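A quick write-up on the structure given underneath.
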């Protein structure tokens, strides 16, 4: 008897439907699995046989042929256990189909005792199932809320193989999982964990971070140990605009594919903040591997990628960041296929000014030898620094500021100004697809939107010549000045906006790291 069950395979952040054909007949005693299964899929028959036995069913001792179609797509992982097991039971006549499984997607990994373990990519699978007009999706209980945010699709979360069998035979009283996406999104906008009001002093750094948040700009903080670089970076998320529903769904898809959603979580409600250790590999950072999966830059999509102690990262790791920072996506190519992951993130980096950490310190003396500071800074390539819009020097907080009991401005107030500036940008770019913030502008948009006066042009020319800036740095200054003008609710870019933007190119100064 031949039975068709439907599952799904995830490629990148999208899913493709897989037809699982199971044939059981009496012409032999061997099991065959075809359709480019990897080792994890091939091993499923051992797990299925034991799970069936524990559930008081049997593995047929006859010829079983399992075909995973389309046969030219490699099938990976253990999530095909459940649909294959149901296919074998139906094809061998041990159970009857009362719900029409051809209208359902079934996915799940089986344990030897018959329990159903969670899978990766439940959200993109659910989205694809709705697109192809399937009636329902049967999947592990721990993934049910993630899949149920897709409307017009009946989602059943199951914990054991027996629950699935009862559902297929129409004996189950299992109720579908329902999630009101919009209500849940509104209710779960969490309180800010970090707040700028915790930070004493550092008003110039807060100003730079407000500009970065308002325009989606990349930022590097350079200063001695203990100056508060990491503390400030962790609070950037508190002034970024909250995720909208579309961004939340997009971010959740990536986290679903990576398998890092918490059990029972339906949506990602907070902007991601990823802070990989400096020993991270280039594959872990940008994504890839034998079975491509999203890296840290994709997990930071719509959020912040924080690289602490930037010069300690391997040079090759930092260089692979350059293209994704421009394209806001990363494409991983293999011999027979390629996958693309979104990677629209804000890069926030921090570093000491020298190996000992005290170059330019107001009180402590630097002990680094001649030329050491420059060699240390040269660990970060010029092209990478060009792509960082704001370079900010962080100085230690004085004792007076540290002990001042006067409350500082709350993140909530800063966020309001940031959101007002972002609203101006959304209105400005509403006719341009894919553009939402000033940092995303290309050369054409910069020429059309970032118009400066003759006096501003003269100032910028002098800065370009004195600081020996590149054409990319020129564009960055214009983008930042446009954001500063937006924060001032100004239609034109004024001289003071341009001057402040130029001020944030400190690492472009040739004499910055000079040492007598």
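Numbering (the numbering used here), first residue to last: 3 to 518. We put the CB at the ideal spot given by N, CA and C, even for glycine. These figures come from a predicted structure and were not determined experimentally.
Give me the Cβ distance between residue 311 and residue 352, rounded to the nearest whole Å; I'm assuming they're in contact under 8 Å. Reading the chain shown from its first residue, position 309 is the one you call residue 311. Reading the chain shown from its first residue, position 350 is the one you call residue 352. Sure, about 7 Å apart at Cβ, within 8 Å.
How long is the line joining the alpha carbons of residue 149 and residue 14, rounded to whole angstroms? Taking the chain shown and counting its residues from 1, one reaches residue 149 at position 147. Taking the chain shown and counting its residues from 1, one reaches residue 14 at position 12. The alpha-carbon atoms of residue 149 and residue 14 are separated by roughly 17 Å.
Just how far apart, CA to CA, sit residue 101 and residue 172? Numbered from its first residue, the chain shown carries residue 101 at position 99. Numbered from its first residue, the chain shown carries residue 172 at position 170. So the alpha carbons of these two residues sit roughly 7 Å apart.
Please report the distance separating the alpha-carbon of residue 314 from that of residue 253. Counted from its first residue, the chain shown places residue 314 at position 312. Counted from its first residue, the chain shown places residue 253 at position 251. Using only the alpha carbons, I get a separation of about 29 Å.
Close-in-space but distant-in-sequence residues of the same chain around residue 116 (CB under 7 Å, 5 per side omitted): Counting from 1 along the chain shown, the entry for residue 116 is found at position 114. Here the set comprises 53, 56, 57, 162, 163 and 164.
Taking residue 92 and residue 5 to be in contact with their CB atoms under 8 Å, please state how far apart those CB atoms are, rounded to whole angstroms. Indexing the chain shown from 1 puts residue 92 at position 90. Indexing the chain shown from 1 puts residue 5 at position 3. At roughly 4 Å, the Cβ-Cβ gap stays under 8 Å, so residue 92 and residue 5 are in contact.
Under 8 Å, with one C-beta from each stretch per pair, do the region 135-146 and the region 58-67 reach the 3-pair mark? no
DSSP state of residue 506, grouped into three classes? Counting from one through the chain shown, the residue named residue 506 turns up at place 504. Coil at residue 506, not helix or strand.
Exposed or buried, what is residue 401 when buried is set at 16 or more other beta-carbons lying within 10 Å of its beta-carbon? As a first step, residue 401 must be located in the chain shown, where it is residue number 399. Flag for residue 401 reads exposed.
Less than 9 Å between the beta carbons of residue 454 and residue 500, yes or no? Translated into the one-based positions of the chain shown, residue 454 becomes position 452. Translated into the one-based positions of the chain shown, residue 500 becomes position 498. Going by C-beta atoms, residue 454 is nearer than 9 Å to residue 500.
Could you pull out every unbroken alpha helix (DSSP H) segment of at least 4 residues lying fully inside the region 78-130, listed in chain order? 83-93
Could you check the C-alpha separation between residue 536 and residue 94 for me, to the nearest Å? Look at the range of the chain in this structure, 3 to 518, and you will see that residue 536 is not part of it.
Outcome for residue 211 when other beta-carbon atoms lying within 10 angstroms are tallied against a minimum of 16: Against the chain shown, residue 211 aligns to sequence position 209. By the 10 Å Cβ count, residue 211 comes out buried.
Just the Cα atoms here: how many angstroms apart are residue 319 and residue 217? If you number the chain shown from 1, residue 319 lands on position 317. If you number the chain shown from 1, residue 217 lands on position 215. In a straight line, the C-alpha of residue 319 is about 26 Å away from that of residue 217.
Note down the Cα distance separating residue 412 from residue 448, rounded to an integer number of angstroms. Along the chain shown, read from residue 1 onward, the residue named residue 412 stands at position 410. Along the chain shown, read from residue 1 onward, the residue named residue 448 stands at position 446. Their Cα atoms are separated by approximately 32 Å.
Where residue 198 sits in the DSSP three-state scheme: As a first step, residue 198 is located in the chain shown; it is residue number 196 there, counting from the start. Reduced to three states, the DSSP call for residue 198 is helix.
Just verifying my parser: in three-state terms, what is the DSSP assignment at residue 496? To locate residue 496, count along the chain shown from 1; it is residue 494. Three-state DSSP puts residue 496 in coil, outside helix and strand.
For the candidate residues 143, 174, 415 and 183, whose alpha-carbon lies nearest to that of residue 154? If you number the chain shown from 1, residue 154 lands on position 152. It is 183.
To test your reading of the DSSP string, which unbroken alpha helix (DSSP H) runs of 4 or more residues are found completely within the region 446-485? 456-469
Let me know the secondary structure DSSP gives residue 58 once reduced to three states. Looking up residue 58 in the chain shown gives position 56. Three-state result, residue 58: coil.
Specify, as a first and last residue, the run of the alpha helix (DSSP H) that residue 413 falls within. The sequence position of residue 413 within the chain shown is 411, counting from 1. Here the alpha helix (DSSP H) through residue 413 covers 413-430.
Continuous alpha helix (DSSP H) assignments of at least 4 residues falling wholly in the region 305-348: 317-321 and 324-329
Residue 22 CB to nearest heavy atom of the ligand COA below 8 Å: For the structure depicted, the ligand COA is absent and the ligand set is empty, with no information on it obtainable.
Inter-residue spacing [alpha-carbon to alpha-carbon] between residue 220 and residue 350: Numbered from 1 along the chain shown, position 218 holds the residue referred to as residue 220. Numbered from 1 along the chain shown, position 348 holds the residue referred to as residue 350. Those two C-alpha atoms are separated by around 6 Å.
DSSP state of residue 406 mapped onto helix, strand, coil: Here the question's residue 406 lines up with position 404 in the chain shown. Here residue 406 sits in coil by DSSP.
C-alpha distance - residue 469 paired with residue 483, whole-angstrom precision: In the chain shown, residue 469 corresponds to position 467, counting from 1. In the chain shown, residue 483 corresponds to position 481, counting from 1. Whole-angstrom Cα-Cα distance: 17 Å.
Would DSSP call residue 286 helix, strand or coil? Against the chain shown, residue 286 aligns to sequence position 284. Note: residue 286 maps to helix in three-state DSSP.
Enumerate in chain order the residues of its own chain whose CB-to-CB distance from residue 266 is below 8 Å, with the five nearest sequence positions on each side excluded. If you number the chain shown from 1, residue 266 lands on position 264. So the qualifying residues of the chain are 144 and 147.
Check residue 233 in the structure and name its three-state DSSP category. Along the chain shown, read from residue 1 onward, the residue named residue 233 stands at position 231. Three-state DSSP puts residue 233 in a helix.
Are the CB atoms of residue 416 and residue 198 within a distance shorter than 9 Å? Residue mapping note: residue 198 aligns to position 196 of the chain shown, counting from 1. Residue mapping note: residue 416 aligns to position 414 of the chain shown, counting from 1. Going by C-beta atoms, residue 198 is nearer than 9 Å to residue 416.
Nearest-angstrom beta carbon gap, residue 452 and residue 390 [assumed within contact, 8 Å]: Reading the chain shown from its first residue, position 388 is the one you call residue 390. Reading the chain shown from its first residue, position 450 is the one you call residue 452. Not confirmed; about 18 Å, so no contact.
Am I right that residue 242 and residue 234 are in contact with their C-beta atoms under 8 Å? What's the rounded C-beta distance? As a position in the chain shown, residue 242 is number 240, starting the count at 1. As a position in the chain shown, residue 234 is number 232, starting the count at 1. Going by Cβ atoms, the distance from residue 242 to residue 234 rounds to 14 Å, so no, they are not a contact pair.
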